[in-house]
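Down below is the structure, laid out as structure tokens.
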Amino acid sequence: MIKGVIFDMDGVLVDNRDAHIEAFEIICRKYGVPFDREKFMPSFGMTNDLILERLMPEVIRRTDWRQIAREKEETYREIFERTIAPTRGLVDFLRALKADGFLVGLGSSGNTPNVNFVLERCGIAKYFDAIANGDMISRGKPDPEVYLLAARKLGLAPAECIVAEDAPVGIEAARRAGMSVIGVATTFRREDLSDYDLLIDDFTQIGPQQIRALKA
Numbered sequence: 001m002i003k004g005v006i007f008d009m010d011g012v013l014v015d016n017r018d019a020h021i022e023a024f025e026i027i028c029r030k031y032g033v034p035f036d037r038e039k040f041m042p043s044f045g046m047t048n049d050l051i052l053e054r055l056m057p058e059v060i061r062r063t064d065w066r067q068i069a070r071e072k073e074e075t076y077r078e079i080f081e082r083t084i085a086p087t088r089g090l091v092d093f094l095r096a097l098k099a100d101g102f103l104v105g106l107g108s109s110g111n112t113p114n115v116n117f118v119l120e121r122c123g124i125a126k127y128f129d130a131i132a133n134g135d136m137i138s139r140g141k142p143d144p145e146v147y148l149l150a151a152r153k154l155g156l157a158p159a160e161c162i163v164a165e166d167a168p169v170g171i172e173a174a175r176r177a178g179m180s181v182i183g184v185a186t187t188f189r190r191e192d193l194s195d196y197d198l199l200i201d202d203f204t205q206i207g208p209q210q211i212r213a214l215k216a
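Residue numbers (UniProt numbering): 1 to 216.
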């Protein structure tokens, strides 16, 4: 039986794909590296160390990737602050989950400042019983570490959790953790996502009853 719902953050709690892409474009331009959106997209959902290794391997050999990541995330928050809002139907879905007795967790590749930024600006921190983020793990998605950590913090077995994910690497991480998956078609098109139990465009299309029906 599913007892907990674990949310990815980027593209799930907020539709921030374009803000992240713009920030990476700016950082690549600063360091004199061409930015190829098509090559970048498969890395969406990974931690910054893995993304920067793909985008600018030569640069991070001579410059600490952590410094570049900080610059990128500060740029991202400046860009997204103007339009930040919860994804459609999210707040009502969170309320319904809590009212129905589900535990709610966060499993994000994002760092602590980005997680706090989203939870506080969207006014949704109160709905989360446990948080796992990129600063708490040593291996980013598609490794399952962040989702296994979130489950442990919730006090649940992996099989008791379902993950809401928008990116292929995140879905792979959830599956490798032994969890069910809600695919959220925000960052990627429906046809670009696979290996999910439920597929939605936004959270107006799902409620606690659909989750309970998965493994009743």
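Using N, Cα and C, we set each Cβ at its ideal position, and we do this for glycine too.
Fair warning: this is a prediction, and the values are worked out from it, not measured in the lab.
Practice prompt. Just list the alpha helix (DSSP H) runs in the stretch 45-113, keeping only unbroken ones of 4 residues or longer that don't cross its boundaries, in chain order.
Written response: 48-55, 57-62, 65-80, 90-99, all fully within the stretch 45-113.
Discussion item. According to DSSP, is residue 229 part of a helix, a strand, or is it coil?
Written reply: Given a span of 1 to 216 for the chain in the structure shown, any question on residue 229 remains unanswerable.
Fill in: Under the three-state DSSP convention, the category I206 falls into
Here I206 sits in coil by DSSP.
Worksheet item: What's the C-alpha gap between A99 and Y127?
Response: Looking at the two C-alpha atoms, the distance is approximately 10 Å.
Worksheet item: In whole angstroms, what separates the C-alpha of A216 from that of L52?
Response: Low confidence applies here, because A216 scores a pLDDT of 48, under 50, leaving its location unreliable and the question unanswered by this model.
Discussion item. Suppose contacts are defined by Cβ-Cβ distances below 9 Å. Is F203 in contact with F93 by that definition?
Written reply: Yes. Within cutoff.
Practice prompt. Look at the alpha carbon of A157 and the alpha carbon of A151, and state the distance between them as a whole number of angstroms.
Written response: C-alpha separation (whole angstroms): 6 Å.
Practice prompt. Quick one: residues in its chain with C-beta nearer than 6 Å to the C-beta of T75, no 5 flanking neighbours on either side, listed in chain order?
Written response: The beta carbon of T75 sits closer than 6 Å to the beta carbons of A23, I26 from its chain, once the five residues preceding and following it are set aside; these are given in chain order.
Worksheet item: Hey, V5 and A130: beta-carbon distance below 9 Å or not?
Response: It is not a contact, given that the beta carbons lie outside the stated cut-off.
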